[in-house]
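Participant: One structure is given below, represented as structure tokens, and several questions about it will come after.
Number of protein chains: 2
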Amino acid sequence: MDLHGAVAALAALSQEHRLALFRLLVQAGEDGMPAGAIAEKLGVPNSSLSFHLAQLRGAGLISQERRHRSLIYRANYPAMNGLIDYLTENCCAGADCSAAASLPSQERRKTA
Amino acid sequence: MDLHGAVAALAALSQEHRLALFRLLVQAGEDGMPAGAIAEKLGVPNSSLSFHLAQLRGAGLISQERRHRSLIYRANYPAMNGLIDYLTENCCAGADCSAAASLPSQERRKTA
DNA sequence: ATCTTATTTCGATAATCATCGAAATAATGC
DNA sequence: GCATTATTTCGATGATTATCGAAATAAGAT
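If you read the protein sequences in the order shown, they are chains A and B.
Counting along the first sequence from 1, when you hit position 106 you're at 106 in the working numbering, and nothing is skipped either side.
Counting along the second sequence from 1, when you hit position 20 you're at 132 in the working numbering, and nothing is skipped either side.
Laid out in structure tokens, this is it:
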């Protein structure tokens, strides 16, 4: 994942409803959830939810599959993994943040 | 970190200049960087940079300290750690993150 | 005190975002 | 074909965000 991909993923998640939505799909696991069930669970109108689903999908964080009349949404785990990896590697000096912060400047990035 | 804190941190980082800025401060390490040097490095006017610094600071991701005439900014590693922990624990419970998600917070990073 | 340097705050503007009802689309059943 | 159900797209609206020059503030030097 590059900087632009990370920004896209962060932007998609940086909204209360969408972060809650992604968490919900993570909990739902491989089964995923149909849009209607998500809207009901989050207490958001269908049209609003559809907007948020599109945002997350645009960032590649969730996937969509039709199942009969419903559209099933699932969390895209590798995408979230990629984001966490990006943050860990680029924004945490490649190691535990707390430990890294207490090391002298020259040593920090080597100690992966 | 709770949902609101995570949203605040994600929102602060979900902007190209700010993510680049945070990365820059991570690279700078404990020394930090004065505002002017950051603005020059990122190619952003001082007033714009000041806006972004305030956003990151509001989310608790960076700290500020006066040094003579300059204001030195530093990455707040524990804050980023908290965000990564939140994402790992709440948004990575599936197959790819199963090992990490099932461990207590303090044990997780050592076992990489 | 005055001048210079570093940075922030102000104010205005353009752009993007979130919300939600109403209308449109897609899939299925009768 | 017509009705029903699930979901999305459209369109309008209010809210937030990003940008940047100009003016204001803060610290230090002479």
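By construction, the Cβ of each residue, glycine as well, lies at the ideal position given by its N, Cα and C atoms.
All figures in this text were calculated on a predicted structure; none of them were measured in a lab.
Going by the beta-carbon positions, is the gap between B:Leu125 and A:Leu10 smaller than 8 Å?
Facilitator: Reading the second sequence from its first residue, position 13 is the one you call residue 125 of chain B. Reading the first sequence from its first residue, position 10 is the one you call residue 10 of chain A. In contact: B:Leu125 and A:Leu10 (Cβ atoms closer than 8 Å).
Participant: Check B:Ser175 in the structure and name its three-state DSSP category.
Facilitator: For this step, residue 175 of chain B is matched to residue 63 along the second sequence. Strand at B:Ser175.
Participant: Following the continuous alpha helix (DSSP H) through B:Arg181, name the residue where it begins and the one where it ends.
Facilitator: Mapped onto the second sequence, residue 181 of chain B falls at position 69. Where B:Arg181 is concerned, there is no enclosing alpha helix (DSSP H), given that its DSSP letter is neither H nor E.
Participant: Helix or strand or just coil, what does DSSP make of B:Met145?
Facilitator: Indexing the second sequence from 1 puts residue 145 of chain B at position 33. B:Met145 falls in the strand class under three-state DSSP.
Participant: Whose C-beta lies closer than 6 Å to the C-beta of A:Gln8 among residues of the same chain, with five residues either side of it excluded?
Facilitator: Counted from its first residue, the first sequence places residue 8 of chain A at position 8. With the sequence shown as reference, residue 8 of chain A is identified as Ala, and Gln is not the correct amino acid for it. Cβ neighbours of A:Ala8 beyond the five flanking positions: Ala59.
Participant: Determine whether the Cβ of A:Leu24 lies closer than 8 Å to any Cβ atom of chain B.
Facilitator: As a working note, residue 24 of chain A is residue 24 in the first sequence. No, A:Leu24 lies away from the interface with chain B (no Cβ there is under 8 Å from its Cβ).
Participant: Using only CA atoms, which one of A:His52, A:Ser47, A:Met33 lies nearest to A:Arg69?
Facilitator: Residue mapping note: residue 69 of chain A aligns to position 69 of the first sequence, counting from 1. Closest by alpha carbon: A:Met33.
Participant: If the cut is a Cβ gap below 7 Å, which residues of chain B does A:Val44 touch?
Facilitator: Sequence index remark: in the first sequence, residue 44 of chain A carries index 44 (1-based). Going along chain B, no residue has its Cβ under 7 Å from A:Val44, so there is no contact; the nearest lies around 15 Å.
Participant: Between the alpha carbons of B:Gln139 and B:Pro190, how many angstroms are there, rounded?
Facilitator: Here residue 139 of chain B corresponds to residue number 27 of the second sequence, with the count starting at 1. Here residue 190 of chain B corresponds to residue number 78 of the second sequence, with the count starting at 1. If I take the Cα positions, the gap works out to 15 Å.
Participant: Return the first residue and the last residue of the alpha helix (DSSP H) that A:Asn46 is part of.
Facilitator: The residue given as residue 46 of chain A occupies position 46 in the first sequence. A:Asn46 -> alpha helix (DSSP H) spans 46-58.
Participant: Using 8 Å for Cβ pairs, my map puts B:Ala147 next to B:Tyr185. What's the rounded Cβ distance?
Facilitator: Residue mapping note: residue 147 of chain B aligns to position 35 of the second sequence, counting from 1. Residue mapping note: residue 185 of chain B aligns to position 73 of the second sequence, counting from 1. Indeed they touch by this definition, with Cβ atoms about 7 Å apart.
Participant: Just confirm the distance between the C-beta atoms of A:Leu56 and A:His17, as a whole number of angstroms; I'd bet it's less than 8 Å.
Facilitator: One-based indexing of the first sequence puts residue 56 of chain A at position 56. One-based indexing of the first sequence puts residue 17 of chain A at position 17. About 10 Å; that fails the 8 Å criterion.
Participant: Exposed or buried, what is B:Leu115 when buried is set at 16 or more other beta-carbons lying within 10 Å of its beta-carbon?
Facilitator: To locate residue 115 of chain B, count along the second sequence from 1; it is residue 3. Its Cβ having fewer than 16 others within 10 Å, B:Leu115 is exposed.
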